[in-house]
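Below: the structure, in structure tokens.
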Amino acid sequence: MFTCGLLAGGVLSAGVLWLVSGLFTPLPVGVRQGLIVAVALLAALRDAGKLSLRLPQNARQIPQDVLRRHLACGALQFGFELGTGVRTYVSASAPYAMAVAVLLSGGSYAPALAAGLGFGAGRALTPALRRLSGDGECWDGRLAERLSGMTVVCSVLIAAAACGVRQ
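Just so we're aligned, residue -18 is where the sequence shown starts under the working numbering, counting upward by one.
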């Protein structure tokens, strides 16, 4: 239920961004691509520790009582709220770069849907892999060592993808 909620939340957020993206289509494609690249590179610099930027976010956790009322419905709600990316803390900058890419890309809904599913799946993968590792504490340490590098690479890939898109 948690994973379904994560995926649904990610798809909803990406869908809203895609719907609003139509407002930006009057901007020339080159301008929109340039903005996507600029935001993605700023995100990479932030995650690399070279730039200090506050992210626009709701820096708090989802209340625990969501899960206490009814486990299955609570897991779905918890996942949905976490999957939207607007109800809780998002530490990496790459999801923000991807949100800007969806918002400014316009065009087909398929890339937006893929981005939303990817965000939800990424959030679902983290606890699943931690559990499968057999040693959550050790897994946490390995993740902490690599997280900054992974998020920098994700932002750079978003910038590169924006450079390669032809509309």
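Even for Gly, the Cβ is constructed at its ideal location relative to N, Cα and C.
Note that the structure is a prediction, hence the values are computed from the model and not measured.
Selection from the options that minimises the alpha carbon distance to residue i
i        : options                               : result
Ala152   : Ala80, Gly3 and Ser114                : Since the displayed the chain opens at -18 and closes at 148, residue 152 lies outside it and no answer follows.
Pro92    : Phe(-17), Val(-8) and Cys(-15)        : Val(-8)
Ser72    : Pro37, Ala109, Asp121 and Cys144      : Pro37
Leu98    : Gly87, Glu118 and Pro76               : Pro76
Glu62    : Gly101, Ala109, Leu128 and Asp116     : Gly101
Cys(-15) : Leu57, Arg112 and Arg50               : Leu57
Ser129   : Asp46, Lys31, Pro44 and Leu(-12)      : Lys31
Ala24    : Cys144, Gly145 and Cys135             : Cys135
Gly55    : Cys144, Leu(-12), Ala125 and Met(-18) : Met(-18)
Pro44    : Gly115, Ala53, Phe59 and Cys144       : Phe59
Leu(-2)  : Arg127, Gly115 and Ala78              : Ala78
Cys144   : Ser74, Leu16 and Arg50                : Leu16
Met131   : Leu48, Ala(-5) and Ser74              : Ser74
Thr69    : Gly122, Gln42, Ala(-5) and Leu(-12)   : Gln42
Residue i, buried or exposed, once every other Cβ within 10 Å from all chains shown has been counted against 16
i      : result
Asp28  : buried
Pro7   : exposed
Leu34  : exposed
Leu84  : buried
Leu182 : Residue coverage of the chain in this structure runs from -18 to 148, which leaves residue 182 outside it and unanswerable.
Ala53  : exposed
Arg104 : buried
Ala109 : exposed
Beta carbon of residue i nearer than 9 Å to that of residue j
i      : j        : result
Ala82  : Ala142   : yes
Thr107 : Gly(-10) : no
Arg13  : Ser89    : no
Asn39  : Val1     : no
Ala19  : Val137   : no
Leu124 : Arg111   : yes
Chain B within 9 Å of residue i, Cβ atoms only
i      : result
Ala105 : In summary, chain B is missing from the structure at hand, where a single protein chain is found.
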